[in-house]
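Note that the numbering used here has the sequence shown beginning at 15, numbered continuously upward. Quick reminder that beta carbons are idealized off the backbone N, C-alpha and C, glycines included.
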Amino acid sequence: MAYIGQPVPSTVYGLGGGKISDGKSVKVTVPANTTIEAGKFYLLDGFFGCAMQSVTTGVGQTAEVVLNIEQAEFETDQIAETGDFLPGTLIYWDEGDGVFTEEANGNRPAGRVTVGKDENDVIWFILGPQVYPVIEAEGGE
């Protein structure tokens, strides 16, 4: 019975493992000796997104930061010096340089430009989904 005195017999089932969130952000680990700046993009724990707060870790320290991973339109100036970044262009994340690039080889797919590069080197783009195949560097196995 669901409760004492209920006029009709019933069974209550505990349903665990339900929905946790809308999946628009995730908590990820910031490694030791790392500075994260709110509003900048990062690849952490396999997730790529925009940091929602600033975090600095020291030697032997780790911390958590929230990354916004929502498939939404974002604005950024974290772009490579080379490239036209025209509307419709696929862009990739160059983890080594910490910038978006038009170069696919060895870089993680990140999204598609919606508003091209302006005079301040700022673009708007749609962040792509989080599930990507591994891209091997040219000649890699």
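Next item on the list: Compare the beta carbon distance of Phe61 and Ile105 with 9 Å and say whether it is the shorter of the two.
Entry: Not in contact: Phe61 and Ile105 (Cβ atoms no closer than 9 Å).
Notebook entry, point to check: Under the three-state reduction of DSSP, which class applies to Lys41: helix, strand or coil?
Noted result: strand
Check: So what does DSSP say about Tyr27, is it helix, strand or coil?
Finding: coil
Check: By a C-beta neighbour count over all protein chains shown, 10 Å radius and 16 as the cutoff for buried, is Gln85 buried or exposed?
Finding: By the beta-carbon neighbour count (other beta carbons within 10 angstroms, threshold 16), Gln85 is exposed.
Notebook entry, point to check: So what's Asn119 in DSSP terms, helix, strand or just coil?
Noted result: Here Asn119 sits in coil by DSSP.
Note to self: Quick check: the Cα distance between Asp91 and Leu58, rounded to an integer number of angstroms?
What the structure shows: 20 Å
Notebook entry, point to check: Which first and last residues belong to the beta strand (DSSP E) in which Leu141 is found?
Noted result: Ile137 to Leu141
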